[in-house]
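Below: one structure, written as structure tokens.
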DNA sequence: CCCTTATGTTGACACATGTCGAATCAACCG
DNA sequence: CGGTTGATTCGACATGTGTCAACATAAGGG
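Protein chains in written order, with the numbering used here: chain A, 35 to 151; chain B, 35 to 151.
Below you can see the structure in the form of structure tokens.
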């Protein structure tokens, strides 16, 4: 309402401060670790990669269900990724589509590469 | 040793292919997830951040043992980080020093940020 | 030498997590 | 409607994981 102009986004910090510049606080570590944890399972990482690399950055569950586990398990992992803030889901008719949140992903990555400034 | 000359390191791929350009194979996901998993615990992430942000990129265990868990637990987590290839350790006299592997860290980060090319 | 300090290892245990089959909910189609 | 297919939820189980106390190892100092 008030700051509709080009506000410099004072201290939003979408998710993850850089790991290499100062020690993380307990709270920061808690939030950031939750995201790394979500990517720390092979099946979830494949699912995430399948969604992220799909055309338009989104994919139907039916397109990515072939990762070697049962379909309930796929759904379970997608839910975890959604709860971690890495994916969003939307139902369009019969199918449910998942897509990545690019900003969160980029911020997470930047928390790692910021070392080589 | 045949290739002692200045080989351009053909396709080493230190650890982690980009997640957003093509679906990861099961094997790639396995290896990459292992690193994310190592960073997926709050205590480990704090320990890692403490080492990474310390002067000279290395820290004595005695400097980073104050993260709210017992000392054996700290040692246990440092071992996990070492096994994941994120930290290396070296004993110099009485104290053991841990330091980060910058190349692995950067490669991991790049696997996330490569989306915004 | 023994003793103190600094780290790492072992064993045990509570708890979280990945997995599946069965049941359930949602949308489309004859 | 009833039926079919897609997707999630539920209940259960085996396995993995974080944690600590106790013990072991390493280095240095009296």
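Even for Gly, the Cβ is constructed at its ideal location relative to N, Cα and C.
Report the three-state DSSP secondary structure of residue 101 of chain B (helix, strand or coil). For the purposes of this step, residue 101 of chain B is taken as residue 67 along the second chain, with counting starting at 1. Reduced to three states, the DSSP call for residue 101 of chain B is coil.
Check each candidate in A:142, A:76, A:70, A:125 and name the one with the smallest Cα separation from residue 96 of chain A. Within the first chain, the letter at position 62 stands for residue 96 of chain A. Selected option, being the one with the closest Cα: A:125.
Enumerated in chain order, which unbroken segments of the beta strand (DSSP E) with a length of 3 residues or greater are wholly contained in the region 85 to 148 of chain B? 92 to 94, 121 to 126, 129 to 134
Just reading off the alpha helix (DSSP H) that residue 66 of chain A is part of, what are its end residues? Here residue 66 of chain A is taken as the residue at index 32 of the first chain, counted from 1. Element bounds for residue 66 of chain A: 60 to 72.
Any C-beta of chain B within less than 8 Å: which residues of the region 128 to 140 of chain A qualify? 134, 136, 139, 140
Beta-carbon proximity of residue 85 of chain A to residue 132 of chain A, cut-off 8 Å: The count along the first chain starts at 1 and reaches residue 85 of chain A at position 51. The count along the first chain starts at 1 and reaches residue 132 of chain A at position 98. A contact, by the Cβ cut-off of 8 Å.
Once the 5 residues before and after residue 114 of chain B are set aside, which same chain residues still bring their CB inside 7 Å of it? What you label residue 114 of chain B is simply residue 80 of the second chain in a count that begins at 1. Closer than 7 Å at Cβ, skipping near neighbours: 72, 78.
Straight-line Cα distance separating residue 91 of chain B from residue 141 of chain B: The sequence position of residue 141 of chain B within the second chain is 107, counting from 1. The sequence position of residue 91 of chain B within the second chain is 57, counting from 1. Residue 141 of chain B and residue 91 of chain B: Cα-Cα distance of roughly 17 Å.
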